[in-house]
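**Student:** Heads up: the sequence shown begins at 12 in this note's numbering, then just goes up one per residue.
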Amino acid sequence: MPKVSVITGYYNRGEHLERTILSVLNQTYRDLELIVFDDASPDDSANRLKEIASRLSDPRLKVVLHERNKGFVQGMIDAIAMSSGEYVAVQGSGDISLPTRIEKQAAVLDASPEIGLVGCWYTNVETETNARRLRQPNADAMDFEALMKNNAFSHGEVMYRRSAYDAVGGYRAAFRNSQDIDLWLRMVKVTKMSTIPENLYDRYIRFDGVTYDPLKFPIATRYSMITRKVARAAPDEAEEMIAKLKSEGPASIILKSDKDFQKRIRVAAARSLVWGNVEAFHQLVADQISSPVEQRLLLILGKIFSSPPAAPLRKVVRAYLGIT
12 MPKVSVITGY YNRGEHLERT ILSVLNQTYR DLELIVFDDA SPDDSANRLK
62 EIASRLSDPR LKVVLHERNK GFVQGMIDAI AMSSGEYVAV QGSGDISLPT
112 RIEKQAAVLD ASPEIGLVGC WYTNVETETN ARRLRQPNAD AMDFEALMKN
162 NAFSHGEVMY RRSAYDAVGG YRAAFRNSQD IDLWLRMVKV TKMSTIPENL
212 YDRYIRFDGV TYDPLKFPIA TRYSMITRKV ARAAPDEAEE MIAKLKSEGP
262 ASIILKSDKD FQKRIRVAAA RSLVWGNVEA FHQLVADQIS SPVEQRLLLI
312 LGKIFSSPPA APLRKVVRAY LGIT
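#1: At what residue ranges does the segment 43 to 124 contain a whole run of the alpha helix (DSSP H), taking only runs of 4 or more?
#2: Span of the alpha helix (DSSP H) holding Met-252?
#3: Using DSSP with H/G/I as helix, E/B as strand and the rest coil, what is Gly-130?
#4: Quick test of the definition: if touching needs 3 or more C-beta pairs under 8 Å, does the segment 101 to 120 touch the segment 200 to 212?
#5: Taking the CB atoms as reference points, tell me whether Asn-23 and Ala-51 lie closer together than 7 Å.
#6: Going by CA-CA distance only, name the one from Leu-226, Val-84, Ile-230 that's closest to Phe-48.
#7: Just mark Gln-38 as buried or exposed, buried being the case when its beta carbon has 16 or more other beta carbons within 10 Å.
#8: Name, in chain order, the residues that DSSP records as bridge partners for Gly-20.
#9: Is Lys-14 closer than 7 Å to Glu-97 when the C-beta atoms are compared?
#10: Let me confirm a value: Val-304 is counted as buried when at least 16 other C-beta atoms fall within 10 Å, else exposed. Which label applies?
#11: Rank Leu-36, Met-236, His-77, Ala-64 by C-alpha distance to the C-alpha of Pro-53 and give the top, closest one.
#12: Could you have a look at Pro-208 and say whether DSSP puts it in helix, strand or coil?
#13: For Tyr-182, I'd like the list of residues in its chain whose CB is within less than 7 Å of its CB, leaving aside the five on either flank, ordered along the chain.
#14: Considering only the beta carbon of each residue, do Leu-295 and Ala-281 sit closer than 7 Å?
#15: For Ser-56, tell me which candidate among Leu-28, Ala-249, Glu-125 has the shortest Cα-Cα distance.
#16: When the Cα atoms are used, what is the spatial distance from Ser-65 to Arg-307?
#17: Candidates Leu-309, Arg-217, Lys-200: which alpha carbon is nearest Glu-139's?
#18: Determine the DSSP secondary structure at Arg-233, reduced to helix, strand or coil.
#19: Should the segment 164 to 171 be regarded as contacting the segment 101 to 110, the criterion being three or more beta carbon pairs within less than 8 Å?
#20: Measuring alpha carbon to alpha carbon, tell me which of Ala-142, Ala-163, Leu-67, Arg-146 ends up nearest Val-129.
#21: Around the C-beta of Pro-342, are 16 or more other C-beta atoms found within 10 angstroms, so that it is buried, or is it exposed?
#22: What three-state label does DSSP hand Asp-213 in the structure shown?
#23: Helix, strand or coil: how does DSSP classify Lys-203 here?
#24: Can you check DSSP and say which residues form a bridge with Arg-143?
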């Protein structure tokens, strides 16, 4: 029985399957299984996955093909249920684990039974421009209040003990987004968390992903905010909130006019502009900023920032933010 179960789920990212699979199977740590599920992708992901599995013929690779789309979270729940490792490592679809990631994370859990979840430094790689930015989070000694303010993990680079996962009830399918921070906020109450201060993971960012897609980001933001509300709520109130989330959706709990929601939209719009995704900036501002006056002001500022004369300013801002 393998010590580590690595789980990765796919939906319409077949062209990136092989690089992710090879990055896991080529780890220096060998005592692992890799479970890859395809969530009924309409593209050729399933066929690619079957071809790769046949060609590699590695008994550690286990392929799961869903007949219908379950959603990422339910796919993770089911994959973890069928896995056998003492430790569970998440692997983002299309991302790359550097060769010693699993070895070093497993070593932390082996040496420190009080630690139940471990991450690492990672590099954000923008797929269209290949711009890279090293992220250096630190979850050491992080408690519930600190985690409420800042999620120290991106999810794809994390390894945790199955015992800690089971103790808090695992992922909750109601959270179609932010299922990770919902889990961490429960885990931090029963175990300690840590970060390896070394870049062990390349996280590939797409402009059609949750972070930048102007349609997906507001939904994901509402889920993120709801996790915090649920985490602070009394058990009965939390159950009611989750039931409402299931039946009416996240917008029924976090309104467009919510001040924190508006703040997060502003930050996302600015980030899109800095990364060069002007279209996403415009759509976020036009669709999600509640004040017409603020809308007009932001659109004017965006036009100035993205204009040819502002190229030196953009260069300075990107350098300051570590975007290369």
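Glycine included, each C-beta is placed from N, C-alpha and C at the ideal position.
**Tutor:** The answer reads as follows:
#1: Qualifying alpha helix (DSSP H) stretches, in chain order: 56 to 67, 83 to 93, 112 to 122.
#2: Residue 252 sits at position 241 when you count from the first residue of the sequence shown. In this chain, the alpha helix (DSSP H) harbouring Met-252 covers 246 to 259.
#3: Taking the first residue of the sequence shown as 1, we reach residue 130 at position 119. Gly-130: strand per DSSP, three-state reduction.
#4: With three or more CB-CB distances shorter than 8 Å, the segment 101 to 120 counts as touching the segment 200 to 212.
#5: The residue labelled residue 23 in the question sits at position 12 within the sequence shown. The residue labelled residue 51 in the question sits at position 40 within the sequence shown. At the C-beta level, Asn-23 and Ala-51 stay beyond 7 Å of one another.
#6: Numbered from 1 along the sequence shown, position 37 holds the residue referred to as residue 48. Minimum Cα distance to Phe-48 is reached at Val-84.
#7: The residue labelled residue 38 in the question sits at position 27 within the sequence shown. Gln-38 should be labelled buried.
#8: The residue labelled residue 20 in the question sits at position 9 within the sequence shown. Its beta-bridge partners are Phe-48.
#9: Translated into the one-based positions of the sequence shown, residue 97 becomes position 86. Translated into the one-based positions of the sequence shown, residue 14 becomes position 3. In contact: Glu-97 and Lys-14 (Cβ atoms closer than 7 Å).
#10: Here residue 304 refers to the residue found at position 293 when the sequence shown is read from its first residue. With fewer than 16 other beta carbons inside 10 angstroms of its own, Val-304 counts as exposed.
#11: One-based indexing of the sequence shown puts residue 53 at position 42. Comparing Cα positions, the closest option is His-77.
#12: Translated into positions along the sequence shown, residue 208 becomes position 197. Reduced to three states, the DSSP call for Pro-208 is strand.
#13: As a working mapping, residue 182 is identified with position 171 in the sequence shown. Residues Val-84, Met-87, Ile-88, Gln-190, Leu-194 of the same chain have their beta carbon placed closer than 7 Å to that of Tyr-182, with the five preceding and five following residues left out of the count.
#14: As a working note, residue 295 is residue 284 in the sequence shown. As a working note, residue 281 is residue 270 in the sequence shown. Contact flag unset, no.
#15: The residue labelled residue 56 in the question sits at position 45 within the sequence shown. Shortest Cα-Cα distance from Ser-56 to any of Leu-28, Ala-249, Glu-125 involves Leu-28.
#16: Translated into positions along the sequence shown, residue 65 becomes position 54. Translated into positions along the sequence shown, residue 307 becomes position 296. Answer to the nearest angstrom: the Cα atoms are 55 Å apart.
#17: On the sequence shown, position 128 is the one that residue 139 refers to. Closest by C-alpha distance to Glu-139, out of Leu-309, Arg-217, Lys-200, is Arg-217.
#18: Start at 1 with the first residue of the sequence shown, and residue 233 comes out as number 222. Three-state DSSP puts Arg-233 in a helix.
#19: The answer is yes - the segment 101 to 110 touches the segment 164 to 171, with three or more Cβ pairs under 8 Å.
#20: Reading the sequence shown from its first residue, position 118 is the one you call residue 129. Nearest C-alpha to Val-129: Ala-163.
#21: Lying outside 12 to 335, the shown extent of the chain, residue 342 is not represented and no answer is given.
#22: Locating residue 213 in the sequence shown gives position 202, counting from the first residue. For Asp-213, the three-state secondary structure derived from DSSP is strand.
#23: Start at 1 with the first residue of the sequence shown, and residue 203 comes out as number 192. If DSSP states are grouped into helix, strand and coil, Lys-203 belongs with the strands.
#24: Numbered from its first residue, the sequence shown carries residue 143 at position 132. Arg-143 is bridged to Val-136.
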